[in-house]
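A short write-up of the structure that comes next.
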Amino acid sequence: MIALTSKESRHQFNSNAALLLNDPQWVWILQSGAIALFAVTLVEGKPEGTRRYLFSLKPNELLFTVPPSSDNQAVLVVFIEDSEVLEIPTTKFIQQVIQGDHRAVAYLKGWIQSLCSTLTPETPKPLYHETILPSVSSYLLDRGTSIQPASDTITWIQVKGRAKWLDSPALTLHLGCGYVPISDQIWLEAEDTLELVSATVLDSSEILSGLTQLQTYCLRYINWMEHHSLEEELKRFQAKEQLNQQVTSDALGELASVLNRRSRQFINYSVPLLAAAGAVGHALGIEIRPPARSEDLSRLKDSLDAIARASKVRTRQVSLTGKWWNQDCGALLAYTSENQNPVALLPIAANRYELLDPAQQVRIPINAKIAQELHPEAYTFYRSLPQTAMSAIALLKFGMHDRTADLVTVLLAGIGVAFLGMLVPQATAIVMDQAIPDANRTLLFQIGIGLFAATCGSTIFKLVQGIALLRTEAFADASTQAAVWDRLLTLDIPFFRSYSTGDLENRVSAISRIRRTISGTTMSTLLSSLFALINLGLLFYYSVPLALIALVSVSVTITITISSGLITLRKVCPLEALKGEIRGTTVQLISGITKLRVAQAETRAFAHWSRFYAKQQKLSLSTEQIENGVAVFNDLIPLFSSMLIFAVAMMSIQTASGLSIGTFLAFNAAFGSFISGATALSNSLIDILSIVALWEQAKPILHAMPEVDEQKADPGRISGKVNVDRVTFRYGQDGPITLDQVSVQAEPGEFIAIVGPSGSGKSTLLRLLLGFETPEAGEVYYDHQALCGLDVNAVRRQLGVVLQKSQVLSASIFENISGGALITLDEAWAAARCAGLVQDIEAMPMGMHTVISEGGTNLSGGQKQRLLIARALALKPKILLFDEATSALDNQTQATVSESLERLNVTRIVIAHRLSTIRNADRIYVIEAGRVVEQGSFEQLAKADGLFAKLIARQIA
């Protein structure tokens, strides 16, 4: 090709020289030196602003020049060193390309590939796409379908319709664009049904137009990405400024709240939802935080979920029915019916609410008219337990949070009942000593009226006290139970290995029983003791000798009760532990009923359960006998005490200076109140001591630390790089080493396979990647970030995982694929297509909305696995982790799934026993006895005389 080697059009350029590629009449070929290309914006024909680096060229590579685009985007060439370029007329070069000159075609292909490659670092590839094959010239694409050329190919395409360029909503290819060359780095997405035509023979004008269109679209896309990045940077700056303003606002609010408690309730966030949630959180004593950087808000049905996760709280949807604003429903987050603006519903009294609208910066008292303007569904928040080991006192304080008014009401009402109760003994003395001897009917009538008023007052006090206690118990139960379950769900996986399902349920219910005992029995006992102490003073006022007898009787009662309680406690502790074992055994037997019937082991299972149950009943019977004995004693002690008091009183009344009949009857009335309170205290002591046994059951849950604490960092959006660095792990401190100095590395987009004999540690390695276990030595890294320092939940949300024992949900197929995330029906079909499940779904009666039964009994094993694969792919994760995810598939279906997965631009780490499924793996790690013994490609390992070759031989045999 003489035109490409002519010396008549050579040009020399010094280092750091710069010029624009804006003359379409020439193409350049770099002969020597090095150059860098930048995208620039032209202002009056001159480049201004930031230079955006595209790529660099080496000698014998092409530069194709086109005029600046309509939006003044152009390419600037900067010579990195002294260079020489060959200038060739564009028409001659295109003619050489049409004639099939190999060097010219190679130059052009290199230019197109270099230009297209500048876009890939910023854009994720779609989950599923069609591939343009050289043998097919026409494709009919449905709306939302993506397409791209085969690997390492350049394809000239024309769109008959409209197709979105990469992920930019602003750039669209259409019929008027003509033929445009694209590499495998570019993909198109059909905005509607369209036809895509590929061509191999074009004339010079079509080639020139296509190259111009390609460069124009690439420059526009780069410019769009820059503006998008600037917008994101501006948002981050605004968020930082908002955070600074919030810190200042909080500080000023704290100062203002010294004199006005409500002055700090307005949360000044720029995002209305965050502001409304912040106001609700402040009312509940919860710190509300913005969503983490790792959250993909476009996949959430409600952004409130991301706020709740960042704030470590739980939310629950509630219905606003009836005159809810006249009841104490707690602080709520709601939305307006008209425009779905978030608002905070804050209680300002027991029966009054106000609406806080962050968008309008106003507070409005809620009435029937305002309530009608709200959406009927709202959200309530549940506080989490502090991330520390919880003591019984701390748990009690947590449950009684913000119930000060109710507790004060209970205390004051109890004092009122106690003082009104003291009127009865005194009235008795007056009646017997004055009213009856003097036949003073007026006094008797007045005392009767007074006692009636005291009885009414005491009834009212008890009613108020009971309502306050019920309200306190209801709020405490709701907050404590939710917080305990939240703590249980946030514990790390190794915690659950120590307890069965039934045992855990028993331990969680123990916390509820503790709460009920503390809030009910303890409060009543405290008030009874208070009444008893007040009446004890009255007893000593009437008669010291008789009061001493009463005091001795109560002392004996309490001593016997405490002694009995300590004996009972020795039996209750093992009894509670046994209840947990029985519940765990029961759950296991019910879950394995099919296996028991197959093995004809129902009788042995019943015998196994009955041994535990008999032991439980024996312990229960012994404790009940002790409790019954204490109850009988407590019933007899008042009788014997009364007999002794009457005997002493008779001797005292017969003396001249002894008790009067009225005084004795007053003493007897006071003694009745005193002894009943003491007996109630005695009967409650055993229940109170049982808290110790319940606490021992609940302690492991409340003392265990959550898997993610405040010190764990948010990982951001991960790119797909995974590194396992010299990891050593064992189950239990004294157990054998399961993994020994294992290292595995996966670059973004790579397919990594883990193989080895059963028990070699493959699944354990996957558990370490998921953060289920913590290595004894070494570390797991995601994007160069140590997993031990990251929020593992945020990492897991960005992974697509299929484990050996993964289960499908009892819901529709669409709900199973979405997994609760926000995806479209088209995306669900794309995921199903990638998992080879489309034909199965189409054959079902309701298609994508077919409901799966409990346990997936209406699906085959292969259908379950493919459904789980579709769920893992639905959110387009950057990393896929598969543990025998295709073991139940036949060879044809396996091939279909493998072919679909090959098209994905994701990192795949796959554990496989069927070696044919990993033939195309970029790298295979062979593990034996917890160590990596081989690594390499399939062909390399198959040729080597090692463990992998032996595994292949076994499967072939």
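Numbering (full-length UniProt numbering), first residue to last: 1 to 957. Here a beta-carbon is modelled for each residue, glycine too, at the ideal position from N, C-alpha and C. For clarity, every value in this text was computed on a predicted model and none was experimentally measured.
For residue i, report the span of its beta strand (DSSP E) as first-last.
{"i": "D740", "result": "I737 to A746"}
{"i": "E779", "result": "A777 to Y782"}
{"i": "H174", "result": "T172 to H174"}
{"i": "Y335", "result": "L332 to Y335"}
{"i": "residue 998", "result": "It is not possible to answer for residue 998, since the shown part of the chain is limited to 1 through 957."}
{"i": "F751", "result": "F751 to V755"}
{"i": "L140", "result": "S138 to L141"}
Taking all protein chains shown into account, decide if residue i is buried (16 or more other Cβ within 10 angstroms of its Cβ) or exposed.
{"i": "K805", "result": "exposed"}
{"i": "K943", "result": "exposed"}
{"i": "R954", "result": "exposed"}
{"i": "Y53", "result": "exposed"}
{"i": "Q99", "result": "exposed"}
{"i": "E48", "result": "exposed"}
{"i": "G820", "result": "exposed"}
{"i": "A474", "result": "exposed"}
{"i": "F729", "result": "buried"}
{"i": "M651", "result": "exposed"}
{"i": "N920", "result": "exposed"}
Measure from the alpha carbon of residue i to the alpha carbon of each residue in the options, then state which is nearest.
{"i": "E854", "options": "N816, M846 and C834", "result": "N816"}
{"i": "L304", "options": "A344, Q95 and A283", "result": "A344"}
{"i": "I813", "options": "L868, A777, R797 and Q711", "result": "L868"}
{"i": "L889", "options": "A835, S311 and P365", "result": "A835"}
{"i": "E295", "options": "P89, E899, R717 and A746", "result": "R717"}
{"i": "S810", "options": "Y499, L859 and Q616", "result": "L859"}
{"i": "E72", "options": "K46, E81 and P59", "result": "Note that residue 72 is Asn in the sequence shown, not Glu. Among K46, E81 and P59, the Cα nearest to that of N72 is on K46."}
{"i": "I80", "options": "L451, L57, V554 and Q95", "result": "L57"}
{"i": "A429", "options": "I447, R441 and A413", "result": "I447"}
{"i": "T90", "options": "Q113, V66 and K109", "result": "V66"}
{"i": "A170", "options": "Q158, V201, N223 and T118", "result": "N223"}
{"i": "I691", "options": "V780, V78 and S509", "result": "S509"}
{"i": "I927", "options": "S760, S384, L901 and L837", "result": "S760"}
{"i": "Y782", "options": "A698, E776 and P748", "result": "P748"}
{"i": "Y217", "options": "S642, A163 and E232", "result": "A163"}
{"i": "A350", "options": "T172, T907 and R471", "result": "R471"}
{"i": "I645", "options": "K579, S610 and L539", "result": "L539"}
{"i": "I493", "options": "A870, C456 and I701", "result": "I701"}
{"i": "V271", "options": "Q238, T480, R293 and T248", "result": "Q238"}
{"i": "F93", "options": "I147, S204 and G110", "result": "S204"}
Please work out which residues of its chain come closer than 7 Å, Cβ to Cβ, to residue i, disregarding the five sequence neighbours upstream and downstream, and give them in chain order.
{"i": "residue 958", "result": "Limits of the chain in this structure are 1 at one end and 957 at the other, which puts residue 958 out of reach."}
{"i": "P149", "result": "I132, T155, I182, S183 and D184"}
{"i": "S9", "result": "L86, E87 and I88"}
{"i": "L444", "result": "V431 and A435"}
{"i": "S660", "result": "D433"}
{"i": "S83", "result": "F13, L30, S32, G33, A34 and I35"}
Just reading off the alpha helix (DSSP H) that residue i is part of, what are its end residues?
{"i": "P272", "result": "P272 to L284"}
{"i": "N816", "result": "I813 to S818"}
{"i": "S853", "result": "Taken as a continuous stretch (DSSP letters only), S853 belongs to no alpha helix (DSSP H), as it is neither H nor E."}
{"i": "L578", "result": "V544 to S591"}
{"i": "H608", "result": "E602 to I653"}
{"i": "P494", "result": "I493 to F496"}
{"i": "K864", "result": "G861 to A874"}
Cutting at 8 Å between CB atoms, please list the residues of its own chain near residue i, excluding the five before and the five after it.
{"i": "V105", "result": "V97"}
{"i": "D142", "result": "A190 and T193"}
{"i": "T557", "result": "F633, N634, I637, A678, T679 and S682"}
{"i": "residue 960", "result": "This structure leaves residue 960 out entirely; the chain is present only between 1 and 957."}
Sorted by chain position, which residues of the same chain lie with C-beta nearer than 6 Å to residue i's C-beta, five sequence neighbours on each side aside?
{"i": "A468", "result": "D406, T409 and V410"}
{"i": "F266", "result": "Only weak support is given to the placement of F266: the predicted model assigns it a pLDDT of 48, under 50, and the question is left unresolved by the model."}
Meets three-Cβ-pair contact criterion under 8 Å: the region 668-680 and the region 634-648: yes
For the structure I just gave you, are there three or more beta carbon pairs, one from the region 500-515 and one from the region 583-598, closer than 8 Å? yes
Contact between the region 351-371 and the region 311-328 (3+ Cβ pairs under 8 Å): yes
Below 8 Å, can you find three or more Cβ-Cβ pairs linking the region 173-181 to the region 200-219? yes
Take every Cβ of the region 705-724, pair it with every Cβ of the region 791-801, and state whether three or more of those distances are shorter than 8 Å. yes
Does the region 892-907 come into contact with the region 726-740, if we say contact requires no fewer than three beta-carbon pairs (one atom in each stretch) closer than 8 Å? no
Does the region 280-295 come within contact of the region 307-318, defined as at least 3 CB pairs closer than 8 Å? yes
Do the region 274-284 and the region 346-362 meet, that is, are 3 or more Cβ pairs less than 8 Å apart? yes
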